[in-house]
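As structure tokens, the structure follows; a few thoughts come after it.
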Amino acid sequence: MLELNVKQSGISKRVLNVLYRKTKSGKIVKRVHEQYLRNDIGCGLDSCKNCQPVEGHSLTNLVVQISSTVPTNHAIILDSSALIRFHHLFDNLKFTNIIITQTVWGDVKRSSPPSYKSMYTLCYDSPDRKIYVFMDDFHYETHLDRIAGESEEERLTRSLITCAKFYENHWKQLSIIPIIVCGTNVTKEQLKKQFENVFTLQEYIEGMEDNTDLLDKLAVYNAECDARGRILFPEYLAHDMIQNGIRSGKFKKATFQVSRENYTEAYVHVDEGTTWFIQGRINMNRAVNGDTVAVELLPESEWTCPQKVIRLRDVEEIEMKDAVDKEEDKDEDEIQRKKPRMEDKIPSARVVGVIKRNWRQYCGMILQPAVKDSTRVLFAAAERLIPRIRIETRQAEHLKGKRIIVAIDSWPRDSRYPIGHYVRSIGIAGDRETENEVLLLEHDVPHGPFSDAVYACLPEVPWHVPNESHRKDLRSLTICSVDPPGCTDIDDAFHCIQTASDRYEVIISSFFFLIFHFSVLF
1 MLELNVKQSG ISKRVLNVLY RKTKSGKIVK RVHEQYLRND IGCGLDSCKN CQPVEGHSLT
61 NLVVQISSTV PTNHAIILDS SALIRFHHLF DNLKFTNIII TQTVWGDVKR SSPPSYKSMY
121 TLCYDSPDRK IYVFMDDFHY ETHLDRIAGE SEEERLTRSL ITCAKFYENH WKQLSIIPII
181 VCGTNVTKEQ LKKQFENVFT LQEYIEGMED NTDLLDKLAV YNAECDARGR ILFPEYLAHD
241 MIQNGIRSGK FKKATFQVSR ENYTEAYVHV DEGTTWFIQG RINMNRAVNG DTVAVELLPE
301 SEWTCPQKVI RLRDVEEIEM KDAVDKEEDK DEDEIQRKKP RMEDKIPSAR VVGVIKRNWR
361 QYCGMILQPA VKDSTRVLFA AAERLIPRIR IETRQAEHLK GKRIIVAIDS WPRDSRYPIG
421 HYVRSIGIAG DRETENEVLL LEHDVPHGPF SDAVYACLPE VPWHVPNESH RKDLRSLTIC
481 SVDPPGCTDI DDAFHCIQTA SDRYEVIISS FFFLIFHFSV LF
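Taking the working numbering, the leading residue of the sequence shown gets 1, the next gets one more, and so forth.
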């Protein structure tokens, strides 16, 4: 009877997952997780008769042709590389009918929290976008047992193929097919050996109409060697070496903080009351302000001190009259610095690895390229602590004089600047609305339109002040407001009267009257 009840509840079978973990002390610990595979997890398609309907985030087979690359109705199964590298593209309304498998979802969450957060918001806050998370690891037909010696990348590939073949067979009688869209050509070639309908994101976008903006955002500048044909930065140490070094005390984990006076200098607070100094691009080693880095203390003979000079990128670029080529010919690590006195030296360090990137989307402007009509330009972020970012866009001429948003993708060892991509335009530089939005974005102040849930918490318009018996009539008193003259939405009014020799009464009228406990606005 118990077995029958389990079957009726949707559970198909039970599996045991065995994992071995190495503790900090070096011991090997065996962990066994019990997992139940289900037969009632739907495919997500609203017209599928074999699956239970999914509320909200369902797929449809009534989609008009999105891309000429795939001339039939289809659903897109995304791989990890597409989500991690290009998650910003899926904000575009052209993308719909997207499947994200649980295995890929977990990999994105571990590898790139910003990408995961962006896609999570898009998936669960926008049900009309038709993005479905398929719980493949709990589905009895798509669950995969781990193979001894199999890498995480190999398991991801095997899982993606298994899910694609499941959907292909499951939808055989319906007018829709699954396709896999991946982020790189290498991944495409690997998947193509086992599944026919595999495309890169670039191939898929090239088949769309009005795709200029999407192609610009997709264009990640290929890393190129320095003009002098040499590697510019040291290679980062392996993750295991960094962790072992931190445990042994050889390395320290700290937050990288660029100096506001000199962009070629930085500091890290390694312990309470202990600060190490980092000087020069080589020692900074591609770290960006706010990154969590692993640093190594240099031998005392290599200690130095901050230069007693203010160095700002903007000033140096004006003096050089060239924001691109001439700056590349000048390497501050090759400049002869005045030898510091022994008593001025402070503990100095170098970055040996980046533990966690603090990259985000940056507001700023593109700099005038040295070559006319060039598609490769440098971007100057509004935040001066951020280095110049190299991007590729065919809209460089159109974007001159505008505030735009750019995201960093990578920083190769042979590139003087981090490589990024154009996200979107904000508006004309100097315009009040544009500059206001830049301030809000740079300080991460939410300023988007209110959701339906917020409006549901508020009374309907027009709203009238309720005539309730417990209300006091204060119209005979002098009422003040902190809002400026001419303001039409006075939301803070108050009065102040003396009720005793040492006591004053203040009553404040505020919009909080309309906000209730445990509501969305509270």
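A virtual CB, placed ideally from N, CA and C, is assigned to each residue, including glycine.
First and last residue of the uninterrupted alpha helix (DSSP H) at N17: For the purposes of this step, residue 17 is taken as residue 17 along the sequence shown, with counting starting at 1. It is not in any alpha helix (DSSP H) - N17 instead sits in the beta strand (DSSP E) that spans I11 to K22.
Boundaries of the beta strand (DSSP E) in which L297 is found, first to last residue: Along the sequence shown, read from residue 1 onward, the residue named residue 297 stands at position 297. Start and end: T292 to L297.
Beta bridge counterpart(s) of H74 as assigned by DSSP: The count along the sequence shown starts at 1 and reaches residue 74 at position 74. Looking at the DSSP assignment, H74 forms a beta bridge with I177.
Residue closest to T200, alpha-carbon to alpha-carbon, out of E206, G183 and N211: Taking the first residue of the sequence shown as position 1, residue 200 is located at position 200. Here the closest residue by C-alpha is G183.
Straight-line gap, K253 to R350 (C-alpha atoms, nearest Å): Position 253 of the sequence shown, counted from the start, is the residue given in the question as residue 253. Position 350 of the sequence shown, counted from the start, is the residue given in the question as residue 350. Taking the straight line from one Cα to the other gives about 12 Å.
Buried or exposed (CB count within 10 angstroms, at least 16 for buried), Q102: Mapped onto the sequence shown, residue 102 falls at position 102. Answer is buried; the Cβ neighbour count reaches 16.
For E437, the three-state DSSP class (helix, strand or coil): To locate residue 437, count along the sequence shown from 1; it is residue 437. If DSSP states are grouped into helix, strand and coil, E437 belongs with the helices.
Option nearest I282 by Cα separation, candidates D271, P234, G249 and V268: Position 282 of the sequence shown, counting from 1, holds the residue named residue 282. If we check each option's Cα against that of I282, P234 comes out closest.
Distance CB(G290)-CB(T264) smaller than 8 Å: Here the question's residue 290 lines up with position 290 in the sequence shown. Here the question's residue 264 lines up with position 264 in the sequence shown. Cβ atoms of G290 and T264: not closer than 8 Å.
First and last residue of the uninterrupted alpha helix (DSSP H) at I161: Within the sequence shown, the letter at position 161 stands for residue 161. Element bounds for I161: E152 to H170.
CA-to-CA distance, K192 to F90, given in whole angstroms: As a position in the sequence shown, residue 90 is number 90, starting the count at 1. As a position in the sequence shown, residue 192 is number 192, starting the count at 1. Going by the C-alpha atoms only, they are around 23 Å apart.
Buried or exposed by the 16-neighbour rule on C-beta atoms within 10 Å, applied to E392: What you label residue 392 is simply residue 392 of the sequence shown in a count that begins at 1. Per the 10 Å Cβ criterion, buried.
Under 8 Å between C-beta atoms of I419 and R384: Sequence index remark: in the sequence shown, residue 419 carries index 419 (1-based). Sequence index remark: in the sequence shown, residue 384 carries index 384 (1-based). Not in contact: I419 and R384 (Cβ atoms no closer than 8 Å).
Which listed residue (Y36, R31 and D40) has its alpha carbon closest to that of G10: Here residue 10 is taken as the residue at index 10 of the sequence shown, counted from 1. Answer by Cα proximity: D40.
Cβ-based neighbour list, A381, same chain, cut-off 6 Å, excluding 5 preceding and 5 following: Stepping through the sequence shown from its first residue, residue 381 is reached at position 381. The residues are Y362 and G364.
Burial state of S175, where buried means 16 or more other Cβ atoms lie within 10 Å: For the purposes of this step, residue 175 is taken as residue 175 along the sequence shown, with counting starting at 1. It counts as exposed.
Test item: CB-CB of L298 and V181 under 8 Å: Position 298 of the sequence shown, counted from the first residue, corresponds to residue 298. Position 181 of the sequence shown, counted from the first residue, corresponds to residue 181. Their beta carbons are not under 8 Å apart, which means L298 does not touch V181 by this criterion.
For K400, three-class secondary structure by DSSP: In the sequence shown, counting from the first residue as 1, residue 400 sits at position 400. If DSSP states are grouped into helix, strand and coil, K400 belongs with coil.
Three-state secondary structure (DSSP) of K308: Counting from one through the sequence shown, the residue named residue 308 turns up at place 308. It is coil, neither helix nor strand.
Exposure of L16, with buried meaning 16 or more beta-carbon neighbours within 10 Å: The residue given as residue 16 occupies position 16 in the sequence shown. Exposed, because fewer than 16 other Cβ atoms sit within 10 Å of the Cβ of L16.
Reference R360; option with closest CA among H443, R413 and G430: To locate residue 360, count along the sequence shown from 1; it is residue 360. Cα-wise, what sits closest to R360 is H443.
Per DSSP, the bridge partner or partners of D271: Mapped onto the sequence shown, residue 271 falls at position 271. D271 pairs with T274.
Short Cβ contact (8 Å threshold) for T72 with I231: As a first step, residue 72 must be located in the sequence shown, where it is residue number 72. As a first step, residue 231 must be located in the sequence shown, where it is residue number 231. No, Cβ-Cβ distance for T72 and I231 is not below 8 Å.
Three-state secondary structure assigned by DSSP to S25: As a first step, residue 25 is located in the sequence shown; it is residue number 25 there, counting from the start. S25 falls in the coil class under three-state DSSP.
Limits of the unbroken beta strand (DSSP E) element including K356: Indexing the sequence shown from 1 puts residue 356 at position 356. Per DSSP, K356 belongs to the beta strand (DSSP E) from A349 to K356.
One or two residues paired with T255 in a DSSP bridge: For this step, residue 255 is matched to residue 255 along the sequence shown. Its beta-bridge partners are T292.
Beta bridge counterpart(s) of H464 as assigned by DSSP: Sequence index remark: in the sequence shown, residue 464 carries index 464 (1-based). DSSP, once it has assigned bridges, lists no residue as partnering H464.
Sequence-distant residues of its chain with Cβ nearer than 7 Å to A396 (five each side left out): Position 396 of the sequence shown, counted from the start, is the residue given in the question as residue 396. Cβ within range, chain order: I366, P369, S374, T375 and V377.
Simplified DSSP assignment, three categories, for E196: Indexing the sequence shown from 1 puts residue 196 at position 196. Coil.
Three-pair Cβ contact test at 8 Å for the segment 80 to 89 versus the segment 116 to 127: yes
Span of the beta strand (DSSP E) around E392: Start at 1 with the first residue of the sequence shown, and residue 392 comes out as number 392. Element bounds for E392: I389 to E392.
For T212, the three-state DSSP class (helix, strand or coil): Locating residue 212 in the sequence shown gives position 212, where the first residue counts as 1. If DSSP states are grouped into helix, strand and coil, T212 belongs with the helices.
F379 (DSSP reduced to helix, strand or coil): Residue 379 sits at position 379 when you count from the first residue of the sequence shown. DSSP places F379 in strand when its eight states are reduced to three.
Contacting residues, own chain, Cβ-Cβ under 7 Å from I386 (five flanking each side not counted): Translated into the one-based positions of the sequence shown, residue 386 becomes position 386. For I386, where only same-chain residues beyond five positions count, the Cβ hits under 7 Å are V288, N289 and Y362.
Pair within 8 Å by beta-carbon distance, T69 and E206: The residue labelled residue 69 in the question sits at position 69 within the sequence shown. The residue labelled residue 206 in the question sits at position 206 within the sequence shown. Yes, the Cβ-Cβ distance between T69 and E206 is below 8 Å.
Sequence-distant residues of the same chain with beta carbon closer than 8 Å to P466, five excluded per side: Numbered from its first residue, the sequence shown carries residue 466 at position 466. If we look at P466 and ignore the five residues flanking it on each side, it has no Cβ neighbours.
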